[in-house]
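Student:
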Amino acid sequence: MKVAVIGGTGLIGSRVVNVLNASGHEAVPHSPSTGLALLSGKGLSEALPGADVVANLTDSPTSDEAALAFFRTTTKSLLRAAESADVGHAVVLSIVGVDLVPGLVYDRAKVVQEDIVKTGSVPYSIVSATQFFELMDTVMSWTSDGRTVRLPATRLQPIAAASFRP
Ligand SMILES: NC(=O)c1ccc[n+]([C@@H]2O[C@H](COP(=O)([O-])OP(=O)(O)OC[C@H]3O[C@@H](n4cnc5c(N)ncnc54)[C@H](OP(=O)(O)O)[C@@H]3O)[C@@H](O)[C@H]2O)c1
Numbered sequence: 007m008k009v010a011v012i013g014g015t016g017l018i019g020s021r022v023v024n025v026l027n028a029s030g031h032e033a034v035p036h037s038p039s040t041g042l043a044l045l046s047g048k049g050l051s052e053a054l055p056g057a058d059v060v061a062n063l064t065d066s067p068t069s070d071e072a073a074l075a076f077f078r079t080t081t082k083s084l085l086r087a088a089e090s091a092d093v094g095h096a097v098v099l100s101i102v103g104v105d106l107v108p109g110l111v112y113d114r115a116k117v118v119q120e121d122i123v124k125t126g127s128v129p130y131s132i133v134s135a136t137q138f139f140e141l142m143d144t145v146m147s148w149t150s151d152g153r154t155v156r157l158p159a160t161r162l163q164p165i166a167a168a169s170f171r172p
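Numbered per the working numbering, the sequence shown spans residues 7 to 172.
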């Protein structure tokens, strides 16, 4: 099966590409570093033709309000291109319980992304993972203050990126 892996150079995307190729599929990574820029649409028309599946493993460069525009714009244009190229299935990586944290703009942006996929015309799978251990430093930097470390009231159950099964 041919899989276009958008964001295939990232933390998860690069692992997904390796695992798919090792399993006998043909996974092709696409991202700004390979010449595909979803925000401008550059490279999009060449990335999808011939793919059976498109996996969206992109991430917004920031977690602020701009993340809302990033996920809205990139998800819509990717699905539009998938529909034109007759791609049979779209996979999106999301986060467990993302709709339970409306106070976090990044989580709201992921809910927007999920809603666009759910209301689109391309058959889809939304894979929800818990946070990866690799994100722990970032999370601690949000909640630590000098020598005081605050842990969130909700339970965190991180997994290692390497344990994530595409
Ligand atoms: N990290 C976690 O704990 C976690 C948990 C659950 C779900 N997720 C979800 O998993 C997804 C991937 O996360 P990650 O940690 O693997 O991200 P990452 O390492 O930051 O990788 C992001 C990927 O997106 C690409 N990208 C950025 N802007 C793009 C654009 N305009 N057009 C096309 N591609 C673009 C990057 O390309 P370049 O390499 O060329 O910059 C890179 O390949 C995210 O949607 C995130 O919400 C993450």
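No residue lacks a Cβ here, since even glycine has one placed at the ideal position from N, Cα and C. Nothing here was measured: the structure is a model prediction, and the numbers come from that model.
(1) What residues are listed by DSSP as bridge partners for I165?
(2) Excluding the 5 residues preceding and the 5 following T15 in the sequence, name in chain order all residues of the same chain whose CB lies nearer than 8 Å to its CB.
(3) Using the DSSP secondary-structure output, state which residues sit across from V155 in a beta bridge.
(4) Tell me the residue span of the alpha helix (DSSP H) that contains S20.
(5) Nearer than 8 Å: is that true of the beta carbon of E120 relative to any heavy atom of ligand 1?
(6) Using 9 Å as the threshold, is the C-beta distance between S114 and L74 below it?
(7) Could you tell me if V155 is buried or exposed, where buried requires 16 or more neighbouring beta carbons within 10 angstroms of its beta carbon?
(8) Identify the continuous alpha helix (DSSP H) that holds S90 and give its terminal residues.
Tutor: Taking the coordinates as given:
(1) DSSP links I165 through a beta bridge to F138.
(2) P35, S37, S39 and T40.
(3) Beta-bridge pairing links V155 to S150.
(4) Start and end: L17 to A28.
(5) E120 Cβ: outside cutoff for every heavy atom of ligand 1.
(6) Note on residue identity: the sequence assigns Arg, not Ser, to residue 114. Yes, they are a contact pair.
(7) Residue environment analysis places V155 among the exposed positions, since fewer than 16 neighbouring C-beta atoms fall within 10 angstroms of its C-beta.
(8) First-last of the alpha helix (DSSP H) with S90: E71 to S90.
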